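Below is one structure, written out as structure tokens, with a few remarks after it.
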Amino acid sequence: MFCPCCGSQGKFSRHGVYKKYYYDELIDILRVRCEKCGHTHAVIPSFSVPGGSFGMEEIETYFQLRHEGLSRGKAGVQLLERGVSGAYLRYLDHAMDPLISRAKALLWTDGNPFEGGLSWIYSCSAEAIDHPLCWLNRRSLQYGYNPLWHTRTPLLVYRRGSSGRTCSQNVITVWKSPCPIHSP
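As structure tokens, then:
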């Protein structure tokens with residue numbers, strides 16, 4: 102595991118634990134603090150959607166079936182059986198377009214700009230992508246951005262200041278660690 106803020110690898114200490122729902126079951130989420138830069142991170146299990154109580158595999162299956170042309174109800178059978186509402190399926194469909202637009206803007210060297218949805222994600226790599234939403238989140242971290250899929254924050258840019266330190270993402274502590282403004 103590496104810190105998305107400073108790039109250091111394996112330099113974390115336990116910072117705490119909080120509870121999160123995975124469908125109707127409460128699971129523990131580990132919080133860690135990077136020993137190099139001091140930023141804290143939640144270690145979300147790969148089977149769970151960040152910021153939600155649903156399974157990543159079921160969500161990716163839903164998008165794959167929608168990509169193949171199935172209706173919302175038929176593609177979402179697994180989710181509907183686990184108590185997810187039809188309104189959430191509608192939300193997922195409507196969330197895909199802004200997600201891909203944001204991803205295209207940030208990861209502009211990747212993918213075919215004429216594709217949309219999962220087709221664009223698949224066009225980003227010559228290798229097969231088994232878990233497209235996880236792949237997109239990892240790819241955005243490689244570019245220095247927060248994960249794009251299903252996060253509470255639309256965009257965080259992890260850039261290093263002139264001193265080599267990263268900029269704080271916490272608006273309260275910005276005055277403690279000033280850094281220059283970066284523009285693309």
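Numbering (the numbering used here), first residue to last: 102 to 285.
C-beta atoms are modelled at their ideal positions from N, C-alpha and C, and glycine is treated no differently.
Source: prediction; values computed, not measured.
Item, Value
"Figure out for me which residue from Ile-145, Thr-162, Pro-248 has the closest Cα to the Cα of Gln-179.", "Thr-162"
"Kindly give me the distance between the Cβ atoms of Val-133 and Thr-141, rounded to whole angstroms, as I take these residues to be in contact under 8 Å.", "7 Å"
"Should Phe-155 go down as buried or exposed, given a rule of 16 or more other Cβ atoms within 10 Å for buried?", "buried"
"Could you check where the beta strand (DSSP E) with Thr-162 kicks off and where it finishes?", "Taken as a continuous stretch (DSSP letters only), Thr-162 belongs to no beta strand (DSSP E), being part of the alpha helix (DSSP H) at 157-168."
"Could you tell me which residues DSSP puts in a beta bridge with His-142?", "Val-133"
"Give me whichever residues DSSP pairs with Arg-191 in a beta bridge.", "Note: Arg-191 sits in no beta bridge, so no partner."
"Taking 6 Å as the limit between beta carbons, can you name the residues of its chain near Gly-212, skipping five residues before and five after?", "Trp-221, Ser-224, Cys-225"
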